[in-house]
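For the record, in the sequence shown the residue sitting at position 57 is 57 according to the UniProt record's numbering, with numbers rising by one throughout.
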Amino acid sequence: MEYCSADSVDKSDELLNLAFGVLTPEFLNSLKTSGIPNHKLRIKVGTPIILLQSLDQANGLCNGTRLIVTRLGTNVVEAKIITEPNIGHRTYTPRMNMSPSYSPWPFKLIRRQFSFMVSFAMAINKSQGQSLAHVGLYLPNPVFCHGQLYVALS
Numbered sequence: 001m002e003y004c005s006a007d008s009v010d011k012s013d014e015l016l017n018l019a020f021g022v023l024t025p026e027f028l029n030s031l032k033t034s035g036i037p038n039h040k041l042r043i044k045v046g047t048p049i050i051l052l053q054s055l056d057q058a059n060g061l062c063n064g065t066r067l068i069v070t071r072l073g074t075n076v077v078e079a080k081i082i083t084e085p086n087i088g089h090r091t092y093t094p095r096m097n098m099s100p101s102y103s104p105w106p107f108k109l110i111r112r113q114f115s116f117m118v119s120f121a122m123a124i125n126k127s128q129g130q131s132l133a134h135v136g137l138y139l140p141n142p143v144f145c146h147g148q149l150y151v152a153l154s
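Here's what the structure looks like:
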């Protein structure tokens, strides 16, 4: 299923009132930056995903938590947690408004989308602290310190 975001600009900044007409929905949809998902999110049941922000720390829904999609709805996605300590718990994730903490643009983008992204692979530092049954390691370039390699192999 493909989910598209609803993008807008924070209109509380009075200096940008003249520029709001130039910022078309198509332009806002094309913007990509770290910390927020892309405009189009394609997922299906069984897809591994990773949370981009903490939703409920008490129940293990923190930034970086990995999940598997179990059901897709119009406005909510059901997923099962696959990382410690809450393995197996089911959760429902709604769409929410997100903005990058550091905006590379002279305006504040507000994107309403699910707060996760597809995660078939992850960087070595993202895997730190996780227990994984099977791991494939792809290193086209050498690691920059022995500690990074230790994290990858342990």
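Virtual Cβ for every residue (Gly too), placed ideally from N, Cα, C. A quick note: this is a predicted structure, and the numbers were derived from the prediction, not measured.
Task: Spatially closest choice to Val77 from Leu109, Ser115, Ser101, Leu149, by CA coordinates - done: Residue Ser115 is the option with its Cα nearest to Val77.
Open item on the list: Considering only their Cβ atoms, is the gap separating Ser101 from Gly46 smaller than 7 Å?
Closed with: No, they are not a contact pair.
Task: Through-space distance from His89 to Leu41, alpha-carbon basis - done: Between the alpha carbons of Leu41 and His89 lies a gap of roughly 23 Å.
- [ ] In the DSSP assignment, find the alpha helix (DSSP H) that holds Leu31 and state where it starts and stops.
- [x] For Leu31, no alpha helix (DSSP H) encloses it, and the DSSP letter there is neither H nor E.
Task: Alpha-carbon to alpha-carbon, Ser99 and Ser5 - done: C-alpha separation (whole angstroms): 12 Å.
- [ ] List the endpoints of the continuous beta strand (DSSP E) containing Gln113.
- [x] Residues 109 to 114.
TODO: In the DSSP assignment, find the unbroken alpha helix (DSSP H) run with Phe79 in it and report its ends.
DONE: The residue asked about is misnamed: residue 79 is Ala in this sequence, not Phe. In the DSSP annotation of this structure, Ala79 is not part of any alpha helix (DSSP H); the continuous beta strand (DSSP E) holding it starts and ends at 76 to 81.
Task: Within 7 Å, strictly: CB atoms of Ile49 and Ser119 - done: Their beta carbons are under 7 Å apart, which means Ile49 touches Ser119 by this criterion.
Open item on the list: If I follow the unbroken beta strand (DSSP E) through Val143, where does it start and stop?
Closed with: Segment: none, Val143 is in no beta strand (DSSP E) and carries neither H nor E.
TODO: Quick one: measure Cβ to Cβ for Thr83 and Arg66, integer angstroms, because I've assumed they're closer than 8 Å.
DONE: Yes, Thr83 and Arg66 are in contact; Cβ-Cβ is about 5 Å, under 8 Å.
TODO: State the beta-bridge partners of Asp10 as determined by DSSP.
DONE: Within the DSSP secondary-structure output, Asp10 pairs in no beta bridge.
TODO: Using DSSP bridges, identify the partner residues of Ile49.
DONE: As a beta-bridge residue in DSSP terms, Ile49 pairs with Leu67, Val118.
Task: Val151 vs Gln128 beta-carbon contact at 7 Å - done: With respect to Gln128, Val151 sits close: the two C-beta atoms are nearer than 7 Å.
Task: Inter-residue CB distance, Met122 and Pro37 (contact presumed, cutoff 8 Å) - done: Met122 to Pro37, Cβ: 16 Å. No contact.
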